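As they're listed, the protein sequences go chains A and B. Going by our numbering, 245 is the number at position 71 of the first sequence; the sequence numbering is gapless. Going by our numbering, 97 is the number at position 58 of the second sequence; the sequence numbering is gapless. Scroll down for the structure; my scribbles are underneath it.
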Amino acid sequence: SQQGEEDPQALSIQEGENATMNCSYKTSINNLQWYRQNSGRGLVHLILIRSNEREKHSGRLRVTLDTSKKSSSLLITASRAADTASYFCATGPMNRGKLIFGQGTELSVKP
Amino acid sequence: GAVVSQHPSWVICKSGTSVKIECRSLDFQATTMFWYRQFPKQSLMLMATSNEGSKATYEQGVEKDKFLINHASLTLSTLTVTSAHPEDSSFYICSASWGQGASYEQYFGPGTRLTVT
Chain A
175 SQQGEEDPQA
185 LSIQEGENAT
195 MNCSYKTSIN
205 NLQWYRQNSG
215 RGLVHLILIR
225 SNEREKHSGR
235 LRVTLDTSKK
245 SSSLLITASR
255 AADTASYFCA
265 TGPMNRGKLI
275 FGQGTELSVK
285 P
Chain B
40 GAVVSQHPSW
50 VICKSGTSVK
60 IECRSLDFQA
70 TTMFWYRQFP
80 KQSLMLMATS
90 NEGSKATYEQ
100 GVEKDKFLIN
110 HASLTLSTLT
120 VTSAHPEDSS
130 FYICSASWGQ
140 GASYEQYFGP
150 GTRLTVT
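Given below as C-alpha cells:
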C-alpha cells in the first residue's frame with residue numbers, strides 16, 4: 175500500500191511564484207526522494223535526502239525533512255512554465271529495497 | 040549517464056493476447072530492476088522487484104502468473120502481460136538500480152503505454 179500522502183493534490187501558480195509541496199509518511203525511512211513526471215512520461219529524479227539530513231538544495235529546489243513529524247517539503251523557487259508536471263515523493267523504508275510513492279502533486283505554472 | 044530505455048513506448052493489443060515489454064539499462068549494470076504500473080491521474084504502484092539471475096518478488100495482489108518478469112542479464116528485464124484484458128490497460132514503468140536497497144538511486148525508463156482492446 176502507498177504510505178506517502180502529499181498535499182496539495184493540485185497546485186496552480188503564476189510564473190515567478192514559489193511552489194511548496196508537502197509529503198507525509200508513516201514508517202521509519204532510510205531516505206526520501208522527490209521525482210518529477212511530465213504528462214505521459216517517465217520519472218525524473220530530482221533530489222534525495224537521507225534520514226540524517228534536515229535540508230538539501232539543488233538549484234531552485236529546496237527539500238526539508240522532519241523525521242520527528244514524518245514529513246518532507248519540496249520548494250521550487252521562481253517557478254517557470256516548464257516546471258508544470260506532477261511531483262512525487264518516494265520513501266525508502268529501513269531495511270527494504272523498494273521505494274514507496276506518494277499520491278503526487280499536480281503543479282501547473284501559468285505563464 | 041544512467042539511462043534506462045523501454046520498448047515499446049506504446050502498444051495496442053487485443054484481449055487475450057500476450058505483450059512483452061523490455062527494460063534496458065544502457066550505460067550501467069542494473070543489479071535490481073523494478074516494475075511499476077500507473078493508472079491515469081494516479082501514483083506509481085510497485086508490481087515487482089527483480090534481481091538479476093533470480094526470481095522476481097511480487098507485491099501483494101499482483102498475479103505472478105499473469106505478469107511474468109525475467110531479469111536474465113544485468114542490462115535487461117522483461118515484463119510479459121499474459122492473456123491481457125482491458126483492465127490491464129495502463130502505463131508500465133520500469134526502473135533500474137545498480138545496488139540493492141533503498142539507498143541506491145533508481146533510474147526510471149520513459150514508460151510503456153499499454154492499451155488492450
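Where a beta carbon is used, it is the ideal one built from N, C-alpha and C, also for glycine. For clarity, every value in this text was computed on a predicted model and none was experimentally measured.
Nonlocal neighbours in the same chain, by C-beta distance under 6 Å from residue i, ignoring five residues either side
| i | result |
| --- | --- |
| A/Cys197 | Gly178, Glu180, Ser246, Cys263, Gly276 |
| B/Lys59 | Thr117, Thr119 |
| B/Thr114 | Arg63, Ser64 |
| A/Thr251 | Asn192, Arg234 |
| B/Phe130 | Gln77, Gly150, Arg152 |
| A/Ser260 | Gln211, Gly278, Glu280 |
| B/Asn90 | Thr71 |
Close Cβ partners of residue i (< 8 Å) along its chain, the five nearest in sequence each way excluded
| i | result |
| --- | --- |
| A/Gln176 | In this predicted model, A/Gln176 has a pLDDT of only 45, less than 50, meaning its place in the structure is not dependable; the value taken from the coordinates is given anyway. Cβ neighbours of A/Gln176 beyond the five flanking positions: Ile274, Phe275, Gly276, Gln277. |
| B/Ser48 | Pro149, Gly150, Thr151, Arg152 |
| B/Ser122 | Gly55, Thr56, Ser57, Lys105 |
Beta-carbon gap between residue i and residue j smaller than 8 Å
| i | j | result |
| --- | --- | --- |
| B/Leu83 | B/Val120 | no |
| B/Tyr97 | B/Lys105 | no |
| B/Pro149 | A/Arg210 | no |
| B/Met86 | B/His110 | no |
| A/Pro285 | A/Glu191 | no |
| A/Leu281 | A/Leu185 | yes |
| A/Leu249 | A/Thr194 | yes |
| B/Ala135 | B/Val50 | no |
| A/Lys272 | B/Thr88 | yes |
Those residues which DSSP pairs with residue i across a bridge
| i | result |
| --- | --- |
| B/Trp74 | B/Ala87, B/Cys133 |
| B/Ser64 | B/Val43 |
| A/Ala264 | A/Gln207, A/Phe275 |
Rounded Cβ spacing between residue i and residue j (contact assumed at less than 8 Å)
| i | j | result |
| --- | --- | --- |
| B/Gln77 | B/Thr151 | 11 Å between Cβ atoms; not a contact. |
| A/Leu286 | A/Thr265 | In the structure displayed, chain A extends from 175 to 285; residue 286 of chain A sits before or after that span and is not available. |
Same chain, Cβ closer than 7 Å to residue i, neighbours up to 5 away in sequence not counted
| i | result |
| --- | --- |
| B/Asp127 | Val120, Leu153, Val155 |
| A/Arg228 | Thr238, Leu239 |
Interfacial residues, the region 205 to 228 of chain A to chain B, with Cβ spacing under 9 Å: Asn205, Gln207, Tyr209, Gln211, Gly214, Arg215, Gly216, Leu217, Val218, His219, Leu222, Arg224
The region 74 to 106 of chain B: which residues have C-beta closer than 7 Å to a C-beta of chain A, in chain order? Ser82, Leu83, Leu85, Thr88
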